[in-house]
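A short write-up of the structure that comes next.
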Amino acid sequence: MFEPRQARDNGALPVFKQAALQNDINSSSYALVGEELSNTLQQATNIFETFLAERHDLRLLDECEMALRQIGGTLRLIEVRGAALIADEMRSLCQAIVSNTAALPDAQLNALSTAFFVLPRYLEFVQSRGNEIPLMAITHANELREAHRQLLLPDSYFCKNDAYVFSRDSELKLRSHAMAQDALAELLKRVRQSYQRALLGLLRDAQPAMQFTLMSRALRRLCGALPAGRNQRFWLLASAVIEAFAQGGLELNPRRKRLLTGLDGALRRLGSDKPGDEILEQELLFLLRLSSWQEGFNGKLLQAIGTRPFDINDAEIQRLRTQMLGLSYDTVSSVLNELRAELRHAKDILELLAQHGRSDDEEIRPLSELLQQGADVLLVLNLPSLSEVLGRYAGVLLDLIGTDLSNARAVLEELAETLLFIESSLAQIDRRKLNYDELNALSIDKRDSISADNQVSEATAIVIEEAKSAIGMIKRAIASYIDSGFDSTHIANVPSSLSSVRGAFDILKMRRLAAVTGSATRFVKTFMGRERSDAQRDAQALETLADAMISVEYYLGELESRHIPDEKILLIAEDSLKQLGFPVEMAQDTGNAAS
25 MFEPRQARDN GALPVFKQAA LQNDINSSSY ALVGEELSNT LQQATNIFET
75 FLAERHDLRL LDECEMALRQ IGGTLRLIEV RGAALIADEM RSLCQAIVSN
125 TAALPDAQLN ALSTAFFVLP RYLEFVQSRG NEIPLMAITH ANELREAHRQ
175 LLLPDSYFCK NDAYVFSRDS ELKLRSHAMA QDALAELLKR VRQSYQRALL
225 GLLRDAQPAM QFTLMSRALR RLCGALPAGR NQRFWLLASA VIEAFAQGGL
275 ELNPRRKRLL TGLDGALRRL GSDKPGDEIL EQELLFLLRL SSWQEGFNGK
325 LLQAIGTRPF DINDAEIQRL RTQMLGLSYD TVSSVLNELR AELRHAKDIL
375 ELLAQHGRSD DEEIRPLSEL LQQGADVLLV LNLPSLSEVL GRYAGVLLDL
425 IGTDLSNARA VLEELAETLL FIESSLAQID RRKLNYDELN ALSIDKRDSI
475 SADNQVSEAT AIVIEEAKSA IGMIKRAIAS YIDSGFDSTH IANVPSSLSS
525 VRGAFDILKM RRLAAVTGSA TRFVKTFMGR ERSDAQRDAQ ALETLADAMI
575 SVEYYLGELE SRHIPDEKIL LIAEDSLKQL GFPVEMAQDT GNAAS
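Per the working numbering, the very first residue in the sequence shown carries number 25; after that it's consecutive.
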């Protein structure tokens with residue numbers, strides 16, 4: 025991929041001294057001020073809570089600001105820089121609230137309230153580890169800055185920038201395909217349109233994974249067309265960072281959205297005589313080193329630059345932040361899935377009990393304990409009604425020890441139905457089709473409805489998974505067709521695969537998806553029957569078709585995970601097929617039977 029790099033004037037690779045984001049703290053110094061620091065922070069918290077209760081005495085906020093000033097100074101003295109930054113931003117927000125002559129802004133008070141929750145946990149976390157990762161504080165500091173419209177701090181805020189600028193100082197080259205100036209201008213226009221459309225989706229938090237995939241594809245095309253030089257190196261770096269986002273190696277947050285918006289500005293300047301944005305480039309390089317995705321092109325690019333990843337990556341920082349603050353929704357979802365598995369196991373044990381009819385203590389007590397454990401978990405998950413039902417049956421089972429189970433068949437059947445109902449309820453909660461409050465007022469009809477809805481949802485999930493698999497095969501077939509020099513055997517089965525997927529969508533009354541795959545089928549059949557071929561034009565057409573398939577794939581992914589998909593995702597597929605000359609019929613019918 026890369027052409028050999030010529031040595032720099034001094035014959036050396038760039039040296040990046042800082043590879044560590046973790047800083048040891050002086051535990052002795054912390055111990056000296058720890059108690060006073062804790063007391064001052066508690067005092068500031070109490071003052072703020074008093075202000076929240078009364079909302080009229082701004083002098084309380086002045087006192088709070090003075091306490092935070094003392095906290096920030098102490099933390100800087102013992103070099104706990106991340107915590108000092110949070111305290112400083114809390115103090116600045118206090119000042120902004122006091123100086124605001126209008127009504128008290130709830131958003132600012134909420135941000136400050138959250139920070140009073142975060143700061144003591146951050147300090148406890150630092151003290152327990154014996155070191156600090158200042159980068160972990162950037163997110164919380166920016167939440168405070170955003171509350172009073174201050175510029176967000178970059179990820180690299182705590183790191184000293186190196187004098188080395190990759191695009192300027194490197195001799196790295198990527199082999200590219202020479203293009204005429206007008207063709208390059210047209211490509212740049214399409215790339216920027218694709219990038220802007222994906223960026224708009226990201227800013228709306230609409231299916232980020234799909235948007236990053238589309239961005240990555242667009243920038244790869246750009247890098248392959250740009251002549252070797254500074255611009256190409258800059259966009260190689262940008263493409264690698266976008267790929268890191270696409271692979272889940274970097275978390276998306278407001279400050280990184282600003283960076284992605286900055287890349288749109290860089291695309292706008294591309295081709296002009298304006299100098300490159302070296303600050304933006306330094307931030308891109310920082311993110312590349314921070315990414316937990318270091319495979320393939322990204323790893324090779326870091327080696328070519330002459331640097332290495334940081335000692336801790338973005339995924340590890342996210343994990344530590346979750347550990348510091350508490351459970352996330354993904355954790356709760358994981359617990360729900362584990363509990364459903366335990367309930368299925370309980371049903372299996374119950375079925376064996378009903379078959380052999382034994383009521384010994386060693387047969388029944390383990391099942392009772394399993395149900396009680398499930399009841400305890402449900403209570404922790406704030407599902408008291410389900411917990412009560414399961415706990416009651418745990419007691420009923422204990423009463424059956426030593427009895428004739430043939431006389432308790434009705435009880436066992438009722439328990440089996442209850443286990444099925446609870447499992448179905450948890451599945452529907454996880455699918456966001458049932459909320460906690462609805463479980464507090466249940467009737468027999470409602471229970472039957474929940475179980476029936478769950479069976480339909482499970483059948484739909486199977487069809488969606490098979491459709492995703494078929495779309496994935498179609499994407500691979502298109503890639504193999506292009507890589508093989510347009511050997512049509514690779515795409516011979518694509519029309520039939522698309523037709524089968526369309527049939528599945530018709531059965532599920534997903535009319536918009538069926539219309540999209542129908543248009544794609546017509547395009548592929550026409551493409552395969554064409555009389556003349558043009559390698560470059562055909563490759564571009566298939567890349568556009570691949571964009572449509574990616575759109576469908578991500579729509580199905582969101583339908584599978586969130587169960588309420590964003591209909592705007594399919595606009596990409598519809599636009600792509602329209603560009604190919606096969607507009608989607610029935611596109612105006614967005615009745616969401618899929619959800």
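Just so you know, even glycine gets a beta-carbon here, dropped at the ideal spot from N, CA and C.
Predicted model only: the values in this text are computed from it and were never measured.
Rounded straight-line distance, which links the Cα of residue j to that of residue i
i    : j    : result
S116 : Q327 : 42 Å
Q220 : E210 : 15 Å
L212 : I95  : 51 Å
D86  : L147 : 23 Å
L466 : A365 : Low local confidence applies: a pLDDT of 46 at L466 is under 50, so the model's placement there is unreliable, and no value is given.
Q564 : R293 : 25 Å
S218 : L65  : 49 Å
G542 : I498 : 14 Å
A77  : L314 : 42 Å
D132 : G58  : Here residue 132 is Gln; the residue named in the question, Asp, does not match the sequence. Looking at the two C-alpha atoms, the distance is approximately 28 Å.
K592 : F269 : 21 Å
N318 : S263 : For the sequence presented, residue 318 should be read as Gln rather than Asn. Rounded to whole angstroms, Q318 to S263 spans 13 Å at the Cα level.
L175 : R254 : 29 Å
N63  : F182 : 28 Å
I531 : P158 : 53 Å
V401 : S409 : 12 Å
E438 : S411 : 16 Å
M90  : L177 : 24 Å
R192 : I329 : 12 Å
S123 : L403 : 45 Å
Local conformation of residue i per DSSP, three classes
i    : result
E412 : helix
E210 : helix
E340 : helix
L198 : strand
E620 : Missing from the structure shown is residue 620; the chain here goes from 25 to 619 and no further.
L458 : With a pLDDT of 49 at L458, under the threshold of 50, the modelled position of that residue is not reliable, and no figure is offered here.
N47  : strand
R241 : helix
I102 : coil
A187 : coil
E447 : helix
G96  : helix
T427 : coil
CB of residue i within 7 Å of CB of residue j, strictly
i    : j    : result
F310 : S180 : yes
N50  : E156 : no
Y21  : I110 : In this structure the chain extends from 25 to 619, so residue 21 is not present and cannot be described.
A68  : L99  : no
Y579 : L601 : no
A370 : S392 : no
L566 : L443 : no
I596 : T237 : no
V576 : I486 : no
L223 : D288 : yes
M348 : F149 : yes
T568 : L604 : yes
D229 : L274 : no
L227 : V265 : no
I341 : M160 : yes
C247 : L260 : yes
T502 : A570 : Reading the sequence as shown, one finds Ile at residue 502 and not Thr. Cβ distance < 7 Å, so I502 and A570 count as in contact.
G415 : A440 : no
Terminal residues of the alpha helix (DSSP H) in which residue i lies
i    : result
I162 : 159-171
I16  : No answer is possible for residue 16: the residues shown for the chain start at 25 and end at 619.
L322 : Leu is not the amino acid found at residue 322; the sequence shown has Asn there. N322 -> alpha helix (DSSP H) spans 320-329.
F258 : 254-270
Q119 : 105-123
Y54  : 51-78
L312 : 302-314
C183 : Looking at the DSSP string, C183 is not in any alpha helix (DSSP H), and its letter there is neither H nor E.
F334 : No alpha helix (DSSP H) holds F334; DSSP gives it neither H nor E.
Q231 : No alpha helix (DSSP H) holds Q231; DSSP gives it neither H nor E.
A204 : It is not in any alpha helix (DSSP H) - A204 carries neither H nor E in the DSSP assignment.
I593 : 593-603
D385 : 385-404
Can you find at least 3 beta carbon pairs, one from the region 265-279 and one from the region 166-179, that sit closer than 8 Å? yes
Pairing CB atoms from the region 417-427 with CB atoms from the region 388-395, are three or more of them under 8 Å? yes
Are there three or more Cβ pairs, one per stretch, closer than 8 Å when the region 430-449 is compared with the region 372-379? yes
I want to know whether the region 544-553 touches the region 190-202 - three or more CB-CB distances under 8 Å. no
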